[in-house]
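Residue numbers (UniProt numbering), protein chains in the order written: chain A, 1 to 553; chain B, 1 to 553.
For glycine and all other residues, C-beta sits at the position ideal for the given N, C-alpha and C.
Fair warning: this is a prediction, and the values are worked out from it, not measured in the lab.
Working notes for the structure below.
There are 2 protein chains.
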Amino acid sequence: MAAKQLWIAALGGVNEIGKNMYFLQYADDIIVIDCGSKFPDESLLGIDLIIPDVTYLLSNLDKVRALVVTHGHEDHIGGIPYLLKQLNLPIYATRLTLGLIENKLREHGILRQTKLHVIDSESTLKLGAITTTFFNTNHSIPDCLGVVFDTPEGTVVHTGDFKFDMTPVNKQYPDIHKMADIGKNGVKFLLSESTNAERPGFTPSEKLVGAHIEEAFMKADRRIFISTFASNVHRLQQIIEAAHLTNRRLTLLGRSMVNVVRVAQELGYLTIPDNMLIEPTEASKLPPEQVTVLCTGSQGEPMAALSRLANASHRQMEIQAGDTVLIAANPIPGNERNVSRIVDNLYVLGAKVIYGSRSELHVSGHASQEELKLMLTLMKPEYFIPIHGEYRMLHHHSLLAEAVGVNPNNIFILKNGDIVESSSGVVRQSGKVTAGQILVDGLGIGDIGNVVLRDRRQLSADGILITVITLSQADGRLLNEPDTISRGFIYVRNSETLMDEINQLVTSTLQKMSEPDLGQWNIIKQTIKETLSRFLYEKTKRRPMILPIIIEV
Amino acid sequence: MAAKQLWIAALGGVNEIGKNMYFLQYADDIIVIDCGSKFPDESLLGIDLIIPDVTYLLSNLDKVRALVVTHGHEDHIGGIPYLLKQLNLPIYATRLTLGLIENKLREHGILRQTKLHVIDSESTLKLGAITTTFFNTNHSIPDCLGVVFDTPEGTVVHTGDFKFDMTPVNKQYPDIHKMADIGKNGVKFLLSESTNAERPGFTPSEKLVGAHIEEAFMKADRRIFISTFASNVHRLQQIIEAAHLTNRRLTLLGRSMVNVVRVAQELGYLTIPDNMLIEPTEASKLPPEQVTVLCTGSQGEPMAALSRLANASHRQMEIQAGDTVLIAANPIPGNERNVSRIVDNLYVLGAKVIYGSRSELHVSGHASQEELKLMLTLMKPEYFIPIHGEYRMLHHHSLLAEAVGVNPNNIFILKNGDIVESSSGVVRQSGKVTAGQILVDGLGIGDIGNVVLRDRRQLSADGILITVITLSQADGRLLNEPDTISRGFIYVRNSETLMDEINQLVTSTLQKMSEPDLGQWNIIKQTIKETLSRFLYEKTKRRPMILPIIIEV
Numbered sequence: 001m002a003a004k005q006l007w008i009a010a011l012g013g014v015n016e017i018g019k020n021m022y023f024l025q026y027a028d029d030i031i032v033i034d035c036g037s038k039f040p041d042e043s044l045l046g047i048d049l050i051i052p053d054v055t056y057l058l059s060n061l062d063k064v065r066a067l068v069v070t071h072g073h074e075d076h077i078g079g080i081p082y083l084l085k086q087l088n089l090p091i092y093a094t095r096l097t098l099g100l101i102e103n104k105l106r107e108h109g110i111l112r113q114t115k116l117h118v119i120d121s122e123s124t125l126k127l128g129a130i131t132t133t134f135f136n137t138n139h140s141i142p143d144c145l146g147v148v149f150d151t152p153e154g155t156v157v158h159t160g161d162f163k164f165d166m167t168p169v170n171k172q173y174p175d176i177h178k179m180a181d182i183g184k185n186g187v188k189f190l191l192s193e194s195t196n197a198e199r200p201g202f203t204p205s206e207k208l209v210g211a212h213i214e215e216a217f218m219k220a221d222r223r224i225f226i227s228t229f230a231s232n233v234h235r236l237q238q239i240i241e242a243a244h245l246t247n248r249r250l251t252l253l254g255r256s257m258v259n260v261v262r263v264a265q266e267l268g269y270l271t272i273p274d275n276m277l278i279e280p281t282e283a284s285k286l287p288p289e290q291v292t293v294l295c296t297g298s299q300g301e302p303m304a305a306l307s308r309l310a311n312a313s314h315r316q317m318e319i320q321a322g323d324t325v326l327i328a329a330n331p332i333p334g335n336e337r338n339v340s341r342i343v344d345n346l347y348v349l350g351a352k353v354i355y356g357s358r359s360e361l362h363v364s365g366h367a368s369q370e371e372l373k374l375m376l377t378l379m380k381p382e383y384f385i386p387i388h389g390e391y392r393m394l395h396h397h398s399l400l401a402e403a404v405g406v407n408p409n410n411i412f413i414l415k416n417g418d419i420v421e422s423s424s425g426v427v428r429q430s431g432k433v434t435a436g437q438i439l440v441d442g443l444g445i446g447d448i449g450n451v452v453l454r455d456r457r458q459l460s461a462d463g464i465l466i467t468v469i470t471l472s473q474a475d476g477r478l479l480n481e482p483d484t485i486s487r488g489f490i491y492v493r494n495s496e497t498l499m500d501e502i503n504q505l506v507t508s509t510l511q512k513m514s515e516p517d518l519g520q521w522n523i524i525k526q527t528i529k530e531t532l533s534r535f536l537y538e539k540t541k542r543r544p545m546i547l548p549i550i551i552e553v
Numbered sequence: 001m002a003a004k005q006l007w008i009a010a011l012g013g014v015n016e017i018g019k020n021m022y023f024l025q026y027a028d029d030i031i032v033i034d035c036g037s038k039f040p041d042e043s044l045l046g047i048d049l050i051i052p053d054v055t056y057l058l059s060n061l062d063k064v065r066a067l068v069v070t071h072g073h074e075d076h077i078g079g080i081p082y083l084l085k086q087l088n089l090p091i092y093a094t095r096l097t098l099g100l101i102e103n104k105l106r107e108h109g110i111l112r113q114t115k116l117h118v119i120d121s122e123s124t125l126k127l128g129a130i131t132t133t134f135f136n137t138n139h140s141i142p143d144c145l146g147v148v149f150d151t152p153e154g155t156v157v158h159t160g161d162f163k164f165d166m167t168p169v170n171k172q173y174p175d176i177h178k179m180a181d182i183g184k185n186g187v188k189f190l191l192s193e194s195t196n197a198e199r200p201g202f203t204p205s206e207k208l209v210g211a212h213i214e215e216a217f218m219k220a221d222r223r224i225f226i227s228t229f230a231s232n233v234h235r236l237q238q239i240i241e242a243a244h245l246t247n248r249r250l251t252l253l254g255r256s257m258v259n260v261v262r263v264a265q266e267l268g269y270l271t272i273p274d275n276m277l278i279e280p281t282e283a284s285k286l287p288p289e290q291v292t293v294l295c296t297g298s299q300g301e302p303m304a305a306l307s308r309l310a311n312a313s314h315r316q317m318e319i320q321a322g323d324t325v326l327i328a329a330n331p332i333p334g335n336e337r338n339v340s341r342i343v344d345n346l347y348v349l350g351a352k353v354i355y356g357s358r359s360e361l362h363v364s365g366h367a368s369q370e371e372l373k374l375m376l377t378l379m380k381p382e383y384f385i386p387i388h389g390e391y392r393m394l395h396h397h398s399l400l401a402e403a404v405g406v407n408p409n410n411i412f413i414l415k416n417g418d419i420v421e422s423s424s425g426v427v428r429q430s431g432k433v434t435a436g437q438i439l440v441d442g443l444g445i446g447d448i449g450n451v452v453l454r455d456r457r458q459l460s461a462d463g464i465l466i467t468v469i470t471l472s473q474a475d476g477r478l479l480n481e482p483d484t485i486s487r488g489f490i491y492v493r494n495s496e497t498l499m500d501e502i503n504q505l506v507t508s509t510l511q512k513m514s515e516p517d518l519g520q521w522n523i524i525k526q527t528i529k530e531t532l533s534r535f536l537y538e539k540t541k542r543r544p545m546i547l548p549i550i551i552e553v
């Protein structure tokens, strides 16, 4: 990098939803924005979590000044513990965000070593040649900030996640006046989130959900179970208010719900009337019309509270006929079937269930098209980089930018690692830094690669067939009959004949092999694999993994 | 079963979507309605297809009179080839349905042995003491019938799949007058499909889709690729009309699309102007504004045409910048991510893509709540059995039946196998027949059980660790160092130390075992499994399958 260039890039979050991580680099100063994680889809078998590859930062340790975090959602903070195990850098975030980050660091045992600094929308940070300021935005969690970087190559604005909620539950209004001023002063680059860029219109206010929750609470005549995203403190507040209105006590089920409520209440983001919160055991003893249960699992997660309640397998509470269950969330794509299964089971238990998009118990936390155009209009950027979205979302967002007047040549749809460079006012997309995904599996970070995943896929589809061949060390002779075992293939009891045929085939294959070949284990294994593969496919139309093992005695 | 009872039961299709199969039994006559298949969800690893368990029919072979098929969708005909391999029975279906069934039987090589009889809405079948008649319904495939069984215990009506489309594309109007007459004459039992029972309102007419398709065709300036369900002949007809209107030729991509178009055209269900249909190679040579490509893959199926086109890996055609792609289908739950990925890739290729529920390029083929209530009102049944749905759909449908006046005590929400019995006018739910799912995997039918699936799940999550222990036949001594191999676990190169540790642990475990225990291979294997399991979980937080193999030489 030549001196005095501005670089803007994503290490995660473009061309995908999840693991958001962006950075600005001016001369010798790098500021990182967010460090999130991502949940694997069904093709990444056995993987727990995905985090961004931060090789570039590790190769430029001396330049990394700070991590600025826009808000406390997992896809913005979930990667922080893993990042901090590789490099130390000060973290700047709002009070609630910091509280949630601290929770994570505590769980990973690295709380003490990290410098955490509280900021708010009035803060100013001078990090090298870059002056950083902030502005309030709305989202489905409180205390979110957009970020303004004042650099010698111009102003860069990063919106964080946002919507425009003009009737916010916590009265934390979107700071439209400040945004207008920022735009008026000139924005060179705007990085704006694209999650709902395919949706026409304006995302409704969270207050609307509160009204529907209240309605549902007033209609319910026995216990109320309500499930929503634990991080949506605005919604939790409205649930608390509905419980208060209908003279119900409130109990919490699910570790993340208990955690978030505790942190939010301690830091003053949640106001809970005295005596409202009770333990689940207490709740089980109260008359049903006095009980509200707030639980995790609104995305159908099999291990979470709602799923256990639906399976009648929760240790502390049970659904009774006539109870009302409110699912205040829309399933994220991929989770629909789990949620449907829970709804089925709740009906079988005799509950009344209110769920689905028609129930109006949920609104998105992300801006739809009109709000995205509003942000573009307030900021009036010269250059536009849509972020936080899969390709089609970035594409639609770029069309919106064009529609409001941004020059289409000034719009960059990036991949993770692509660099937008500004040098003496000349802007172009130029070069890449290392970027990619690191897979977390159990305690292992980054040690599961394509080979292992490919193997898991084959194992999951057709299982494995292991054939052990015992050869004499002295003369390479077959000492025993080959021994074949399978797992995940055909159930052995049905297939004794097949196993015999396989063993005979292995024996005859070895007998047909020439002397020199028999001396090379690679060739033996390869020949056995090919022969068995063909045989099994013909017999069964299945392709189990075939693993010949040679033992020499 | 006492003589002269009427039994009604489902062998598939209640408490689930898929593998529909119902039967009526009066005295010694059994009539089967439909025999469908079901696609596995992600938990049934490596399974190709699920079909109903027909043990009950096999135990009553002499009583089975006929299979009546309501229409040609996979979830109503997909199980027929497997059924016919187990018992022979005549099949009654409409011409198009029979054409699709014949295709299947031909593929399975059993066409010649089966008696296929064409019926239509005017047919009457006398099967034992049961007289069977039919009525026309609308659905997302032509030639659908509802079925009326006249038995000594009263009339049983089975709706098949239906909606009320008052402006049907093929002018095959729903026969409301006949339905009204059936209801007037008295319906004892109504079995009605519940797919859209959660949806308020009235499902829009297929004609609406035609209008939007036409609009999209008129706006497109280069090639048009349109993907929809191959079986939706109504929609194919409208696509052909839009192509004709805009002077475009039509080519087909995808085996099922080619098959359905051929069968439908031969039997007169599809009218295609002369010279419209061309081969893909021809299409590639025409000017882009003269080309329409109708392809499979609207559900994001990775092997189908649309996915290959989006990956630029289709052998015959490619998407060029400026081409328009219309996805005339809504993703079935579970398929959203595959479809989204395709949309992303199409945008990257520079196509314009019209997709999603807002595009109005798709309407459902199933009745919503108002139509379900209309059917209930026309039929005025005394007893109601909601079918063709998951529990919550059956539940909502039963609420609709109550709302229109059916006595709630006369509504039966069944599981597969449950019997509704009517004897001398007395009706009750009583007893069960065998019912369940048979898993088809490769050429194997029913040989994959829970053990194999459970094993595949463990293999898919954490892989397998195989440790081969060679013992002396003479004195049970360990002859070699144990040999440990893994697949789908950690990539070996990163884990040589771990493998050494494992081998040492196995050796030391064996050394610690007492003489008598060492004589029993079960105990050796169990001890090794437990020791390694604990060790590996502590070290890696992973739980691979552990397979100790003992070789005695």
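At a cut-off of 3 residues, the continuous stretches assigned as beta strand (DSSP E) that sit fully inside the stretch 90–131 of chain A are 91–93, 116–118 and 124–127. Residues of the same chain with a CB within less than 6 Å of the CB of B/D150, apart from the 5 flanking positions on each side, are T131 in chain order. The shortest C-alpha to C-alpha distance from A/T137 to any of A/L270, A/G436 and A/L372 is the one to A/L372. The beta carbon of A/D475 is closer than 7 Å to none in its chain, skipping five residues each way along the sequence.
Rounded to whole angstroms, the separation of the alpha carbons of A/I466 and A/I549 is 7 Å.
Taking B/K178 as reference, the option from B/G488, B/V263 and B/L378 with the minimal CA-CA separation is B/L378.
According to the DSSP assignment, A/F535 belongs to the alpha helix (DSSP H) that extends over W521 to T540. Contact between the stretch 179–199 of chain A and the stretch 355–373 of chain A is established, with three or more Cβ pairs separated by less than 8 Å. Here the C-alpha atom of A/S460 lies approximately 15 Å from the C-alpha atom of A/D41. At a cut-off of 8 Å between beta-carbon atoms, A/M257 makes no contact with chain B. Secondary structure of A/Y347 (DSSP, three-state): helix. Here the stretch 391–406 of chain B does not lie against the stretch 421–432 of chain B, with fewer than 3 beta-carbon pairs under 8 Å apart.
Fully enclosed beta strand (DSSP E) runs of no fewer than 3 residues occupy 154–158, 189–193 and 224–227 of the stretch 149–229 of chain A, in order along the chain. One thing to note: B/I213 has its Cβ no nearer than 8 Å to the Cβ of B/V291. Per DSSP, A/T470 lies in no alpha helix (DSSP H); the unbroken beta strand (DSSP E) holding it starts and ends at I464 to L471. Distances from the alpha-carbon of A/N247 to those of A/N259, A/E107, A/K126 and A/L286 put A/L286 closest. B/A243 has a beta carbon lying at 8 Å or more from every beta carbon in chain A.
For the 8 Å CB-CB criterion, B/S140 and B/H234 form a contact. Counting along the chain, the unbroken alpha helix (DSSP H) around B/R262 starts and ends at R255 to E266. Closer than 8 Å to the CB of A/Y347 there is at least one CB belonging to chain B. A Cβ-Cβ separation of about 6 Å places A/M257 in contact with A/L294 under the 8 Å criterion.
Shown here, B/Y56 sits in a helix according to DSSP, grouped into three states.
One Cα belongs to A/V169, the other to A/K163, and the distance between them is close to 13 Å.
Where A/D441 is concerned, the enclosing beta strand (DSSP E) starts and stops at Q437 to D441. Interface residue (Cβ-Cβ distance to chain A less than 8 Å): B/A312 is not classified as such. A Cβ-Cβ distance of about 6 Å is found for the pair A/K415 and A/V14, placing them in contact under the 8 Å criterion.
The DSSP-derived three-state label of B/N138 is strand. Membership of B/S508 in the alpha helix (DSSP H) is indicated by the continuous run E496 to K512. Within chain A, the C-beta atoms nearer than 7 Å to that of B/G442 come from T540, K541 and R542, in chain order. Nearest CB-CB separation between A/L547 and chain B: below the 8 Å threshold.
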